[in-house]
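Residue numbers (my numbering): 11 to 198.
#1: Taking Cβ to Cβ, would you say residue 32 is nearer than 9 Å to residue 185?
#2: Let's test the definition: count the other Cβ atoms within 10 Å of the Cβ of residue 88 and tell me whether it reaches 16, buried, or not, exposed.
#3: Could you tell me the alpha carbon to alpha carbon distance between residue 144 and residue 194, rounded to whole angstroms?
#4: CB-CB under 6 Å to residue 50, same chain, minus the five flanking residues each way: which ones, in chain order?
#5: Note down the Cα distance separating residue 141 from residue 117, rounded to an integer number of angstroms.
#6: According to DSSP, simplified to helix, strand and coil, what is residue 73?
#7: Which of the three DSSP states is assigned to residue 108 in this structure?
#8: With a threshold of 16 other CB atoms inside 10 Å of the CB of residue 85, please say whether the residue is buried or exposed.
#9: Quick check on DSSP: helix, strand or coil for residue 23?
#10: Please list, in chain order, all residues of the same chain as residue 151 whose beta carbon is under 7 Å from its beta carbon, the five residues on each side excluded.
#11: Determine whether the beta carbon atoms of residue 72 and residue 93 lie at a separation below 9 Å.
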């Protein structure tokens with residue numbers, strides 16, 4: 011039998027992670043440290059592994075990068091999630107960038123069917139400077155993130171189909187930042 015790194019050690023660990031994800035998505039631009047992240051399998055940061063394990067179960071589908079077999083096996087073992095192609099997945103894990111238009115966008119009647127992109131990045135505090143505005147932000151929040159110009163173009167394109175679109179959870183080590191689809195992101 012193959013050895014799998016442990017998942018959450020108790021239901022309260024998963025609940026703590028879920029609260030962290032909710033806080034990150036409701037306060038865009040705020041960096042949230044996950045109190046009790048799981049020990050990740052190879053290919054995932056502690057934050058990405060924790061987010062995926064918290065959100066995925068047997069009723070949803072997920073996609074991981076090609077070749078991340080250990081992480082794929084770990085997630086299926088612990089969550090019972092169905093693995094599928096990125097275009098049809100509810101949760102997509104990627105590194106650095108993924109074309110948002112290639113992911114599920116939801117419909118006008120059911121916008122919540124849009125995918126969530128769990129994006130492992132090199133940092134949550136360095137890179138290009140951005141201004142975030144929108145729900146959950148009183149006036150504006152300024153952040154530095156290693157997001158590409160392509161990501162910003164994809165994000166702007168997504169704004170034209172609101173309320174449909176893709177939510178993004180940026181992950182680095184044991185910390186996360188939420189970028190809900192309703193957010194406006196401008197480079198400064």
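Think of the CB as a built atom: it goes at the ideal place given N, C-alpha and C, for glycine as much as any other residue.
This is what the structure gives:
#1: Locating residue 32 in the chain shown gives position 22, counting from the first residue. Locating residue 185 in the chain shown gives position 175, counting from the first residue. Going by C-beta atoms, residue 32 is not nearer than 9 Å to residue 185.
#2: One-based indexing of the chain shown puts residue 88 at position 78. Label assigned to residue 88: buried.
#3: Working through the chain shown from its first residue, we reach residue 144 at position 134. Working through the chain shown from its first residue, we reach residue 194 at position 184. So the alpha carbons of these two residues sit roughly 6 Å apart.
#4: The residue given as residue 50 occupies position 40 in the chain shown. So the qualifying residues of the chain are 56 and 59.
#5: Position 131 of the chain shown, counting from 1, holds the residue named residue 141. Position 107 of the chain shown, counting from 1, holds the residue named residue 117. Each residue's Cα considered, the two are about 28 Å apart.
#6: Translated into positions along the chain shown, residue 73 becomes position 63. Reduced to three states, the DSSP call for residue 73 is strand.
#7: Taking the first residue of the chain shown as 1, we reach residue 108 at position 98. Looking at residue 108 - three-state DSSP - the assignment turns out to be coil, as it is neither helix nor strand.
#8: Along the chain shown, read from residue 1 onward, the residue named residue 85 stands at position 75. Its Cβ being crowded by 16 or more others within 10 Å, residue 85 is buried.
#9: As a first step, residue 23 is located in the chain shown; it is residue number 13 there, counting from the start. If DSSP states are grouped into helix, strand and coil, residue 23 belongs with the helices.
#10: Position 141 of the chain shown, counted from the start, is the residue given in the question as residue 151. Taken in chain order, the residues that qualify are 38, 39 and 142.
#11: By 1-based counting over the chain shown, the position of residue 72 is 62. By 1-based counting over the chain shown, the position of residue 93 is 83. For residue 72 and residue 93, yes; Cβs fall inside 9 Å.
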